[in-house]
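Enquirer: Numbered by the numbering used here, the letters in the sequence shown go through residues 156 to 432 in order.
We put the CB at the ideal spot given by N, CA and C, even for glycine.
If you're wondering where the values come from, they're calculated on a predicted model, not measured in any experiment.
Starting off with a structure, shown below.
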Amino acid sequence: MTKKKYLSKIEDLSNRKIVLTGGTSGIGLSFFKYLVSKNAFVILLVRNIKKAETIVKELNYSNIDIIEYDQSSYSSIKKGIDTLLEKYPSVDSIVLNAGVMSRTKELMEGHPYSISVNYYGVRYFIEYIAPKLTAKTKIIVQGSLVAGFHLNKKTNIDSNDFKTFKEYNISKMCVEAYTYKLMKEKPYSNIDFVLTEPGITSTSITRDLDSFLKHVGKVFVSTFFHSVDKASLTLLEAVSSKATHGSYIVPRGLFTISGYPKYKKFPHKREREYLIK
Ligand SMILES: NC(=O)c1ccc[n+]([C@@H]2O[C@H](COP(=O)([O-])OP(=O)(O)OC[C@H]3O[C@@H](n4cnc5c(N)ncnc54)[C@H](OP(=O)(O)O)[C@@H]3O)[C@@H](O)[C@H]2O)c1
């Protein structure tokens, strides 16, 4: 398979409205460029409007809107969604890709920072928007293979005494467990939920790790794992019409670390844990 061949299999997205969080960096930015190449109408939800405007200007793309949105603040999420729905009462897909691997001393909305942004922020978004969506909509949640690192352990997720990487892993486990429940229980009849994982790729998400770990990690990841343009293909697959409610899309390589997207049955061990959490 070549990237050209893979991309040719994904339909043109000319008549689709796609909402994207985290489209200003790394995997989300690469995915955004694919959406541009497929002619989608893209609504970027971003915390840094200037950064988004610069990116859009460089891409010279006009089929786009930008709305302010900070996933670490419930009031900003609410405001972002209210603005979005006022302008676009119906959209085709919402891609919840924004995420952090970061710690602060303060709690955010009462929770440790990464857990707040990566889990509670996504959950609040879905719970606030879902009852307001009347047309058929697909919501895609960006997970991570590290979600599987923390199974079989009892954890108080709000204790705020984790190391940065552990807090990130737990946040991803929580958001996957939450999405998996939505996929299993389908509480909103008009919303299809899809879970993606991008494998492992070098992005600025590791910026707050301590510098030794960050440097070694960056060299290791960029040498052995896949490029950001390949990692973002699971999101592109997820917005295609082939992905339906309950689809779980991951890279097809060993341990789902790298490679072109594939649809996978949810791992039995994670399924069992997620349903009781
Ligand atoms: N890189 C990997 O190997 C990997 C593996 C598995 C899963 N993932 C997941 O993939 C997603 C994208 O990560 P990435 O590696 O591409 O990281 P990245 O390059 O750091 O991009 C993160 C994106 O999220 C946005 N963001 C962060 N905090 C936000 C907030 N509070 N409100 C709104 N937007 C916020 C960032 O905005 P700014 O541009 O303003 O900073 C940026 O656009 C994350 O959910 C991550 O957990 C990544």
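(1) Between Arg425 and ligand 1, is there a pair consisting of the residue's CB and a ligand heavy atom that are separated by less than 6 Å?
(2) Report the partner residues of Lys172 according to the DSSP bridge assignment.
(3) What do you reckon, is the C-beta of Gly183 under 6 Å from a heavy atom of ligand 1?
(4) From this set, Ile173, Tyr415 and Ala302, which residue's C-alpha is nearest Asn218's C-alpha?
(5) Does the beta-carbon of Gly177, which I'm using as the reference point, lie nearer than 6 Å to any heavy atom of ligand 1?
(6) Establish whether the CB of Asn170 and some CB of chain B are separated by less than 7 Å.
(7) Hey, quick one: how far does the beta strand (DSSP E) through Leu350 stretch, first residue to last?
(8) Any heavy atom of ligand 1 closer than 6 Å to the CB of Gly254?
(9) So is the beta-carbon of Ser377 under 6 Å away from any non-hydrogen atom of ligand 1?
(10) With 16 as the cutoff for other CB atoms within 10 Å, does Lys206 come out buried or exposed?
(11) Helix, strand or coil for Met338, going by three-state DSSP, please let me know.
(12) If you follow the alpha helix (DSSP H) that Ile204 is in, where does it begin and where does it stop?
(13) Can you tell which of Asn315, Tyr161 and Val376 has its C-alpha closest to the C-alpha of Lys193?
(14) How about Leu388 and Pro422: are their beta carbons less than 7 Å apart?
(15) Excluding five sequence neighbours on each side, which residues of the same chain lie with their C-beta closer than 6 Å to the C-beta of Pro244?
(16) Just to confirm, does Ser227 get its C-beta within under 6 Å of one of the non-hydrogen atoms of ligand 1?
(17) Name the two residues that bound the continuous alpha helix (DSSP H) containing Ile232.
(18) Just verifying my parser: in three-state terms, what is the DSSP assignment at Pro267?
(19) Would you identify the three-state DSSP class for Ile412, choosing helix, strand or coil?
(20) Do the region 383–401 and the region 364–371 make contact, defined as three or more Cβ pairs closer than 8 Å?
(21) Relative to the alpha-carbon of Ser269, which residue among Thr361, Lys291 and Gly401 has its alpha-carbon at the smallest distance?
(22) Using DSSP's beta-bridge definition, name the partner residues of Gln297.
(23) Whole angstroms is fine: what's the gap from Asn372's alpha carbon to Ile355's?
(24) From Asn324 to His305, what does the alpha carbon distance come to, in whole angstroms?
(25) Would you say Val330 and Tyr274 are within 7 Å of each other, going by their C-beta atoms?
(26) Quick check: what's the CA-CA separation for Ser169 versus Asp247?
Expert: Reading from the atomic positions:
(1) Counted from its first residue, the sequence shown places residue 425 at position 270. Incorrect: Arg425 has no Cβ contact closer than 6 Å to ligand 1.
(2) Your numbering for residue 172 matches position 17 in the sequence shown. Its beta-bridge partners are Phe196.
(3) One-based indexing of the sequence shown puts residue 183 at position 28. For Gly183, the Cβ falls inside the 6 Å cut-off from some heavy atom of ligand 1.
(4) Mapped onto the sequence shown, residue 218 falls at position 63. Answer by Cα proximity: Ile173.
(5) As a working note, residue 177 is residue 22 in the sequence shown. Indeed, a heavy atom of ligand 1 lies less than 6 Å from the Cβ.
(6) Although the question refers to chain B, the structure presented lacks it and comprises just one protein chain.
(7) Stepping through the sequence shown from its first residue, residue 350 is reached at position 195. Counting along the chain, the beta strand (DSSP E) containing Leu350 begins and ends at Ile346 to Thr351.
(8) To locate residue 254, count along the sequence shown from 1; it is residue 99. Gly254 Cβ: within cutoff of ligand 1.
(9) If you number the sequence shown from 1, residue 377 lands on position 222. Because no heavy atom of ligand 1 lies under 6 Å away, the Cβ of Ser377 does not count as near it: no.
(10) Residue mapping note: residue 206 aligns to position 51 of the sequence shown, counting from 1. Classification of Lys206: exposed, given that the 10 Å Cβ count is below 16.
(11) Working through the sequence shown from its first residue, we reach residue 338 at position 183. Helix, per DSSP.
(12) As a first step, residue 204 must be located in the sequence shown, where it is residue number 49. Taken as a continuous stretch (DSSP letters only), the alpha helix (DSSP H) holding Ile204 covers Ile204 to Leu214.
(13) Here residue 193 is taken as the residue at index 38 of the sequence shown, counted from 1. Of the listed residues, the one whose Cα sits closest to Lys193 is Tyr161.
(14) One-based indexing of the sequence shown puts residue 388 at position 233. One-based indexing of the sequence shown puts residue 422 at position 267. Result no, Cβ atoms of Leu388 and Pro422 do not sit closer than 7 Å.
(15) Taking the first residue of the sequence shown as position 1, residue 244 is located at position 89. None.
(16) Against the sequence shown, residue 227 aligns to sequence position 72. Yes, the Cβ of Ser227 comes within 6 Å of a heavy atom of ligand 1.
(17) On the sequence shown, residue 232 is found 77 positions in, with the first residue counted as 1. Unbroken alpha helix (DSSP H) run through Ile232: Tyr229 to Lys242.
(18) Looking up residue 267 in the sequence shown gives position 112. Looking at Pro267 - three-state DSSP - the assignment turns out to be coil, as it is neither helix nor strand.
(19) For the purposes of this step, residue 412 is taken as the residue at position 257 of the sequence shown. If DSSP states are grouped into helix, strand and coil, Ile412 belongs with coil.
(20) no
(21) As a working mapping, residue 269 is identified with position 114 in the sequence shown. For Ser269, the nearest C-alpha among the options comes from Thr361.
(22) Numbered from 1 along the sequence shown, position 142 holds the residue referred to as residue 297. Note: Gln297 sits in a beta bridge opposite Thr351.
(23) As a position in the sequence shown, residue 372 is number 217, starting the count at 1. As a position in the sequence shown, residue 355 is number 200, starting the count at 1. The residue asked about is misnamed: residue 372 is Gly in this sequence, not Asn. Taking the straight line joining both Cα atoms gives about 11 Å.
(24) If you number the sequence shown from 1, residue 324 lands on position 169. If you number the sequence shown from 1, residue 305 lands on position 150. In this structure, the CA atom of Asn324 is about 7 Å from the CA atom of His305.
(25) Counted from its first residue, the sequence shown places residue 330 at position 175. Counted from its first residue, the sequence shown places residue 274 at position 119. The answer is yes: Cβ separation under 7 Å.
(26) Position 14 of the sequence shown holds residue 169. Position 92 of the sequence shown holds residue 247. Those two C-alpha atoms are separated by around 12 Å.
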